[in-house]
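Going by this note's numbering, the sequence shown opens with residue -17, and the numbers climb by one from there. For glycine and all other residues, C-beta sits at the position ideal for the given N, C-alpha and C. Take a look at the structure set out below.
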Amino acid sequence: MTFIGSPTRRIDGVEKVTGVAKFTGDLNFSDLLEAKVLRSPLPHAEIVLIDWTRAQALPGVVAILTRDDLKDIDPYYGNCLRDRAVVATDRVRFVGEPVAVVAAEDGLIAEEALALIDVKYRELPIIADADASLAEGAPLLHPNQAGTGEFHDVAGVGETFGGNICHRERFIKGNPDKAFAEAEEIVEETFTFPMIYQYAMEPHSAVARVTADGITLWSSSAHPFLVRSELAHMFGYPHSKVEVIVPFVGGAYGSKSYFKIEPLAVAIARKAGGRPVRVVQSVTESMLTTRRHNARIRMKTGIERDGTLVAREAEVVMDTGAYADNGPRVAKRVISRMIGPYKLDHCKVDVLALYTNTVPAGSMRSIGGPQTIWALESHMDSIAARCGIEPFEYRMRQLLDRGETLKPGSTAVDADLRQGTKAAVAPLDWQSAKRKAPKGVGVAVGVSDSEAMPVSVALVRLLADGSVILLAGTTEVGQGARTILSQIVAQELSLPVERVIMRGTDTLATPFDRSTGASRSTTVMGSAVKAAAEDLRRQVIDAAAECFKTSVGNISLKDGEASAGDKRISYAKIVSAYFGMPGGELIGRGTMRPDGALGKTFPLFWETGMGAAEISVDEETGAIKLEKYVTVADVGKAINPVQAEGQDEGATVQGLGNTLFESLEYENGQPLNASLVDYRVPRFTDLPEQFDSALIENCDGPGPYGAKGMGESGVVSAAPAIGNALFNATGVRVRDLPLTPERVWRALGGRKEKQHKG
-17 MTFIGSPTRR
-7 IDGVEKVTGV
3 AKFTGDLNFS
13 DLLEAKVLRS
23 PLPHAEIVLI
33 DWTRAQALPG
43 VVAILTRDDL
53 KDIDPYYGNC
63 LRDRAVVATD
73 RVRFVGEPVA
83 VVAAEDGLIA
93 EEALALIDVK
103 YRELPIIADA
113 DASLAEGAPL
123 LHPNQAGTGE
133 FHDVAGVGET
143 FGGNICHRER
153 FIKGNPDKAF
163 AEAEEIVEET
173 FTFPMIYQYA
183 MEPHSAVARV
193 TADGITLWSS
203 SAHPFLVRSE
213 LAHMFGYPHS
223 KVEVIVPFVG
233 GAYGSKSYFK
243 IEPLAVAIAR
253 KAGGRPVRVV
263 QSVTESMLTT
273 RRHNARIRMK
283 TGIERDGTLV
293 AREAEVVMDT
303 GAYADNGPRV
313 AKRVISRMIG
323 PYKLDHCKVD
333 VLALYTNTVP
343 AGSMRSIGGP
353 QTIWALESHM
363 DSIAARCGIE
373 PFEYRMRQLL
383 DRGETLKPGS
393 TAVDADLRQG
403 TKAAVAPLDW
413 QSAKRKAPKG
423 VGVAVGVSDS
433 EAMPVSVALV
443 RLLADGSVIL
453 LAGTTEVGQG
463 ARTILSQIVA
473 QELSLPVERV
483 IMRGTDTLAT
493 PFDRSTGASR
503 STTVMGSAVK
513 AAAEDLRRQV
523 IDAAAECFKT
533 SVGNISLKDG
543 EASAGDKRIS
553 YAKIVSAYFG
563 MPGGELIGRG
573 TMRPDGALGK
583 TFPLFWETGM
593 GAAEISVDEE
603 TGAIKLEKYV
613 TVADVGKAIN
623 PVQAEGQDEG
633 ATVQGLGNTL
643 FESLEYENGQ
653 PLNASLVDYR
663 VPRFTDLPEQ
673 FDSALIENCD
683 GPGPYGAKGM
693 GESGVVSAAP
703 AIGNALFNAT
713 GVRVRDLPLT
723 PERVWRALGG
733 RKEKQHKG
């Protein structure tokens, strides 16, 4: 019996497709109140007055939350910097920032009450973008320094950088100035990446109840234990009196990381007399809650005429929005992505995360990856063109070998990068002549250092009837973690996977897990689960040996039974025999921590993936047709190959969105397309005619059975692969995303104009 490498059906699939699964917004209680949020219509303004007396008088209104209700708590929160209040206090800093909350008997009453709240503002100068943020004499968005949040290991957080700089990250390797002086040629380019919304199917939602016994919160959070910690800090409770429960979650992609609407939900529930309060955002409200960082990336590379990389300098300016959120962490992760997986001895990277009057930027699939790898891999093709070398061949020459280090002190590269790159280009018509419609091919290599924190605890309980309960704090956000972790337990205990039950996280019952994100569930939590299952397996074998009066070496496990020769006994009878009566349970424990089984160097693993595209371009309209796309992920070992392929393909489709059309647009602090109608995301009709995915399995990861984290690499390679294919087809390098027909058409028009003048 083996479940590792098996396409086991998702254990939560039937519940989801039949509508049985209950999401946070589906929860109902007899005394439930509905809450609605009054949001700022202005990007930057001082709050002069909030008058809620008319709203309070409306029949059916139970509670109203404003800044006046925050005086008995520490109202500021944040995972890197505690720079954001539950509701705005002195000023608002972006359109959509919560100003007041109304809890009422139903949603319609709450909405009506919002219209009765009178807020007077005094408008302040707007920091519309990164350039305005850095401008001389720019107004400060955060005059008072904020306290550090949960991530105390982010170097520089809490320091005063001055101006509107939320965080600055610098890195120097070798002597880049001297190396540039000795370079035979220098290639310099600037790229831009747009604001992107994560667009999970389920908007942010939470239900909170506050009683004398403490806080109970139901939330679609990916980080329930961090939420517990922040709520305990904010409202003055011990962790034991803060319960965070995670029902089914309808996607996240980073949007439900750390703390979003949870503090607000608890704050209004404090005023509801012990009644539960539900806050369910619309898609538009969620688009005004979080997003991916937009960025400008300047690349400068010194080379020898044969293409050898001599030195690199990169300057990355990221718009982190009105509050820090995960901006400092993203800035830190940008460093390795800018160095790239290539042989390079001299490098300098400078990253700025800047405050602006836009929605706060947080986490999204591969933080900092799509922005920087778009620039890096496009830049590598430009260098290849300058040297007259075919792009695929150029990468083959420059890629790091397994065991080489990308930067001092980091974990060595744990993948065969050439193997993956070859697999990506193999299915494409790489050398074909151009047809009537310009046709091109492009390739990109994406290597990211996972920020997975190696702290997870798991319990596996063998019950009296022989069934098994897995307790693990990983949030199932659609990635298939419940299935993967159940497969690991089934494998170690040699019993059908259907007998393993894993429910959602409850911080009062589930062991601690640092977070769900950074592709860590299989590698880190999977290791904890495997250790717990191995612990339980030893107990079962010991108990069976006692039953049979034999040595443990004579015991084997299969199909939920233990055997010694021709003697067999079920797990249920083993438990009863162990306790000397019906009932009881055996419990296996597994813990992952720094310096433990996963090691102490970072990253724990490199997430490696490649993308290759074959496109045609309509020169009359600028439209790009994606004919073939190949995505490759180095996964170490695919515990469930079907799920692994689905994760990589899904990430790639998200990458197609920010490549071809996605962009959250602002004008002077006002969002222009924050709605389902106006914000374009990929449809099935946008998929390539031929869409292939391949998994590289060398069993060389730190996780169970040699697994590595995966599911993010597909999103980083799509844009540069397609952009490079456009360059290959037309000779035009477009450096700004998305590659809309208009943008491509204008670039092609510029080429024709130059040809005409020539």
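Straight-line spacing of the CA atoms in residue 517 and residue 569 works out to 8 angstroms. Annotated three-state conformation of residue 329 is strand, per DSSP.
Uninterrupted alpha helix (DSSP H) stretches at least 4 residues long and entirely within the segment 250 to 335 occur at 265 to 269, 309 to 321, given in chain order. Across the set 386, 437, 91, the C-alpha of 91 shows the shortest separation from the C-alpha of residue 41.
Taking C-beta atoms under 8 angstroms as the contact rule, residue 331 and residue 296 qualify, at a distance of about 5 angstroms.
The beta-carbon separation of residue 506 and residue 438, rounded to 5 angstroms, stays under the 8 angstroms limit for a contact. The alpha carbon of residue 258 has as its nearest neighbour, out of 17, 292, 75, 160, the alpha carbon of 17.
Each of 646, 713, 703 was checked against the Cα of residue 177, and the nearest Cα belongs to 646. Here residue 339 is buried. Its C-beta has 16 or more other C-beta atoms within 10 Å.
If you draw a straight line from the Cα of residue 48 to the Cα of residue 56, it comes to about 14 angstroms. For residue 410, no pairing in a beta bridge is given by DSSP. With a contact defined as Cβ atoms closer than 8 angstroms, residue 186 and residue 202 qualify at about 7 angstroms. Residue burial is scored here from C-beta neighbours: residue 413 has fewer than 16 other C-beta atoms within 10 angstroms and is therefore classed as exposed. Beta-bridge pairing by DSSP links residue 569 to 443.
For residue 180, there is no enclosing beta strand (DSSP E), as DSSP marks it with neither H nor E.
Annotation for residue -2: the continuous alpha helix (DSSP H) segment containing it runs -5 to -1. The residue among 699, 687, 598 with its C-alpha nearest the C-alpha of residue 621 is 687.
The residue among 293, 226, 155, 146 with its C-alpha nearest the C-alpha of residue 304 is 146. In its chain, beyond the 5 residues on either side, 378, 381 have a beta carbon closer than 7 angstroms to the beta carbon of residue 400.
The segment 308 to 328 makes no contact with the segment 166 to 183, as fewer than three CB pairs between them are under 8 angstroms. Uninterrupted beta strand (DSSP E) stretches at least 3 residues long and entirely within the segment 2 to 83 occur at 15 to 21, 27 to 33, 43 to 47, given in chain order. In the DSSP assignment, residue 101 falls outside any alpha helix (DSSP H) and within the unbroken beta strand (DSSP E) covering 100 to 105. The residue from 389, 458, 442 with its alpha-carbon nearest to that of residue 470 is 442. Less than 8 angstroms divides the Cβ of residue 685 from the Cβ of residue 504. Here residue 488 really is in contact with residue 227; their C-beta atoms are around 5 angstroms apart, less than 8 angstroms.
In this structure, the beta-carbon distance from residue 585 to residue 427 does not fall below 8 angstroms. Residue -11 is classed as exposed because its beta carbon has fewer than 16 other beta carbons within 10 Å across all chains shown.
Sixteen is the threshold: since fewer than 16 other Cβ atoms of the shown chains lie within 10 Å of the Cβ of residue 30, the residue is exposed. Contact between residue -15 and residue 450 is absent: CB atoms are separated by about 13 angstroms, not below the 8 angstroms threshold. Here DSSP, grouped into helix, strand and coil, assigns residue 207 to helix. Rounded to whole angstroms, the separation of the alpha carbons of residue 158 and residue 5 is 52 angstroms.
Here residue 160 is not bridged, per DSSP, to any residue. Counting only the Cα atoms, residue 697 lies some 45 angstroms from residue 544.
A direct Cα-to-Cα measurement between residue 119 and residue 690 gives close to 48 angstroms. Close CB contacts of residue 242 within its chain, under the 6 angstroms cut and outside five residues either way in sequence, are with 186, 271 (chain order).
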